[in-house]
Ligand code: GDP
Ligand code: MG
């Protein structure tokens, strides 16, 4: 089976933007799988020669639910099927309680989890993202999903550990 990479995180951190970037590669075939789960978005993507599936869990949970409830739903969904989870955060907003709530859930899953600090375009300094170490999920990865900065490096790291 193809490896499954799940994207989780608070609203507006850039999950869908990263999903679109990862699935945009030339021979990617974006496919929502009807009859599986309506509120999840699946896409095929390719890293070098490795095909994989990306899941954008952003649609899971109701807008009127609090962040903990949404995080729970997202994490449970990721647990069901992900081989690796990317916790997406927002460099511009910095580390928020909602990120920590999701991280608390993710720390209990027995899959690799990577912290992605999105919206880090133009950011040269490692110290600028150092606060995200506090999530307790390892080295944060600064990327820009919108511009593509360092997304390749992130994938290299993710697939090296799969
Ligand atoms: P989601 O709710 O987590 O799926 O977030 P979206 O992908 O819908 O993005 C939320 C907002 O952040 C949109 O206005 C995006 O254009 C913006 N955004 C996403 N990625 C980046 C990025 O890398 N840099 C910047 N500056 N904005 C971004
Ligand atoms: Mg989204």
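Residue numbers (the numbering used here): 25 to 186.
Ideal Cβ placement from N, Cα and C applies to all residues, glycine included.
Being a predicted model, the structure only gives us computed values, none of them experimental.
Check: Out of 160, 138, 165 and 161, which has the shortest C-alpha to C-alpha gap to residue 151?; Outcome: 165
Check: Three or more C-beta pairs under 8 Å: does that hold for the region 27-34 against the region 155-169?; Outcome: no
Check: Whole angstroms is fine: what's the gap from residue 39's alpha carbon to residue 81's?; Outcome: 8 Å
Check: Near residue 37, what residues of its chain come up, given a Cβ to Cβ distance below 7 Å and the 5 sequence neighbours on each side ignored?; Outcome: 112, 113, 114 and 142
Check: Where does residue 73 land, buried or exposed, given buried means 16+ other C-beta within 10 angstroms?; Outcome: exposed
Check: Taking C-alpha atoms, which residue in 124, 119 and 184 lies nearest to residue 99?; Outcome: 124
Check: Have a look at residue 93 and residue 129 and give me their C-alpha separation to the nearest angstrom.; Outcome: 11 Å
Check: Please state whether DSSP places residue 36 in a helix, a strand or coil.; Outcome: coil
Check: Taking 7 Å as the threshold (C-beta atoms), are residue 47 and residue 169 in contact?; Outcome: no
Check: Rank 96, 25, 109 and 104 by C-alpha distance to the C-alpha of residue 192 and give the top, closest one.; Outcome: Residue 192 falls outside the range modelled here, since the chain spans only 25 to 186, and no answer is possible.
Check: Considering only heavy atoms of the ligand GDP, does any lie closer than 6 Å to the CB of residue 146?; Outcome: no
Check: Residues bridged to residue 142 by DSSP?; Outcome: 114
Check: Taking residue 174 and residue 182 to be in contact with their CB atoms under 8 Å, please state how far apart those CB atoms are, rounded to whole angstroms.; Outcome: Contact doesn't hold; Cβ gap of about 12 Å is too wide.
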